[in-house]
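Chains as they are written, first to last, in my numbering: chain A, 15 to 126; chain B, -4 to 105. Here a beta-carbon is modelled for each residue, glycine too, at the ideal position from N, C-alpha and C. For reference, the structure discussed in these notes is given below.
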């Protein structure tokens, strides 16, 4: 197993465009998390899946953000009508019921 | 909000022990102390966790005070590759997510 994989690693987009990020968790991990991290801050929780069910969403996840995990395996995070304030590192993590969370390398988004 | 307080930065000489403190004075009886670190431009990496007993693994040791209101992560022989931000996190058994604070930036120097 190669760990949690995130694609793309970097994304530059123009303000107002839509972007989609993908996360492939560790095989058979039933929990998947999305976090956002800005410079100098710790990661901030966005949302969490247990298999395909989205169980919790942070108030940070505005209406422009949507996350899916259709078959309980990979997940996508979409940001519509991007704003400059969306520029950040987006981190994905996965875990099994009794294991610690393993993080991917993240997707760095720059909105210009 | 994060339930922990950590110094913003620390320095350590290569080869010496790095002792990173964490205060969690409001910790509950069923809450664990977790430590993660984040090397520049990478995702956070799990280090160790404990409830009330001291723990040791191949990466580090975790010392939790008897009253559980504080803990110390010990890297016994710091190397340059240990330069990172270290996060101390309190997490309950029923908590499904990790809440990160701003962590301690450890700089290991030659």
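Verify the CB distance criterion: does residue 105/A have a CB-CB separation below 7 angstroms to chain B?
By 1-based counting over the first chain, the position of residue 105/A is 91. Answer yes: the Cβ-Cβ gap between residue 105/A and chain B drops below 7 angstroms somewhere.
Tell whether a beta-carbon distance below 7 angstroms holds between residue 34/A and residue 121/A.
If you number the first chain from 1, residue 34/A lands on position 20. If you number the first chain from 1, residue 121/A lands on position 107. Not closer than 7 angstroms, so no.
For the structure I just gave you, are there three or more beta carbon pairs, one from the segment 50 to 61 of chain B and one from the segment 95 to 104 of chain B, closer than 8 angstroms?
no
Does any residue of chain B have a CB that is nearer than 7 angstroms to the CB of residue 114/A?
Here the question's residue 114/A lines up with position 100 in the first chain. Judged by the 7 angstroms Cβ criterion, residue 114/A is in contact with chain B.
Which term fits residue 126/A, buried or exposed, when burial requires 16 or more other beta carbons within 10 angstroms of its beta carbon?
Start at 1 with the first residue of the first chain, and residue 126/A comes out as number 112. Its Cβ having fewer than 16 others within 10 Å, residue 126/A is exposed.
With DSSP as the reference, label residue 6/B as helix, strand or coil.
One-based indexing of the second chain puts residue 6/B at position 11. DSSP places residue 6/B in strand when its eight states are reduced to three.
Extract the residue ranges of the beta strand (DSSP E) inside the segment 43 to 69 of chain B, only unbroken runs of 3 or more that lie entirely within it.
56 to 59
Hey, residue 62/A and residue 91/B: beta-carbon distance below 7 angstroms or not?
Here residue 62/A refers to the residue found at position 48 of the first chain. Here residue 91/B refers to the residue found at position 96 of the second chain. Result yes, Cβ atoms of residue 62/A and residue 91/B sit closer than 7 angstroms.
Give the secondary structure of residue 51/A by DSSP, where H, G and I count as helix, E and B as strand, and everything else as coil.
Taking the first residue of the first chain as position 1, residue 51/A is located at position 37. Looking at residue 51/A - three-state DSSP - the assignment turns out to be strand.
Among 20/B, 82/B and 73/B, whose alpha-carbon lies nearest the alpha-carbon of residue 65/B?
Translated into positions along the second chain, residue 65/B becomes position 70. Nearest option by C-alpha distance: 20/B.
Using a Cβ cut-off of 9 angstroms, which residues of the segment 85 to 101 of chain B contact any Cβ in chain A, in chain order?
91, 92, 93, 94, 95, 96, 97 and 98
Helix, strand or coil: which one does DSSP assign to residue 87/B?
Position 92 of the second chain, counted from the start, is the residue given in the question as residue 87/B. Residue state, collapsed to three classes: strand.
Residues of chain A with CB under 8 angstroms from residue 44/B, in chain order?
Counting from one through the second chain, the residue named residue 44/B turns up at place 49. What residue 44/B touches in chain A: 114.
Helix, strand or coil for residue 77/B? Go by DSSP, reduced to three states.
Locating residue 77/B in the second chain gives position 82, counting from the first residue. If DSSP states are grouped into helix, strand and coil, residue 77/B belongs with the helices.
Applying the 10 Å Cβ sphere with the 16-neighbour rule, what's the burial state of residue 98/A?
Numbered from its first residue, the first chain carries residue 98/A at position 84. Classified as exposed, residue 98/A has fewer than 16 neighbouring CB atoms from the shown chains inside 10 Å of its CB.
Is the separation between the beta-carbon of residue 18/A and that of residue 87/A shorter than 7 angstroms?
Numbered from 1 along the first chain, position 4 holds the residue referred to as residue 18/A. Numbered from 1 along the first chain, position 73 holds the residue referred to as residue 87/A. Against a cut-off of 7 angstroms, the Cβ pair of residue 87/A and residue 18/A comes out as no contact.
Please compile the residues from chain B whose C-beta is within a distance smaller than 9 angstroms of the C-beta of residue 118/A.
Locating residue 118/A in the first chain gives position 104, counting from the first residue. Correct list: 38.
Is the separation between the beta-carbon of residue 36/A and that of residue 64/A shorter than 7 angstroms?
Working through the first chain from its first residue, we reach residue 36/A at position 22. Working through the first chain from its first residue, we reach residue 64/A at position 50. No, they are not a contact pair.
Please report the distance separating the alpha-carbon of residue 28/B from that of residue 61/B.
Within the second chain, residue 28/B is the residue found at index 33, counting from 1. Within the second chain, residue 61/B is the residue found at index 66, counting from 1. Distance between the alpha carbons of residue 28/B and residue 61/B is about 13 angstroms.
Rounded to whole angstroms, what is the Cα-Cα separation between residue 33/B and residue 78/B?
Within the second chain, numbered from 1, the residue matching residue 33/B stands at position 38. Within the second chain, numbered from 1, the residue matching residue 78/B stands at position 83. Going from the Cα of residue 33/B to the Cα of residue 78/B covers about 9 angstroms.
Rounding to the nearest angstrom, what Cα-Cα distance links residue 74/B and residue 85/A in this structure?
What you label residue 74/B is simply residue 79 of the second chain in a count that begins at 1. What you label residue 85/A is simply residue 71 of the first chain in a count that begins at 1. So the alpha carbons of these two residues sit roughly 42 angstroms apart.
Which of the three DSSP states is assigned to residue 77/A in this structure?
Counting from 1 along the first chain, the entry for residue 77/A is found at position 63. In this structure, residue 77/A counts as coil in the three-state DSSP scheme.
Could you work out which residue in 96/A, 92/A and 112/A is closest to residue 42/A when comparing CA atoms only?
Along the first chain, one-based indexing puts residue 42/A at 28. Nearest C-alpha to residue 42/A: 112/A.
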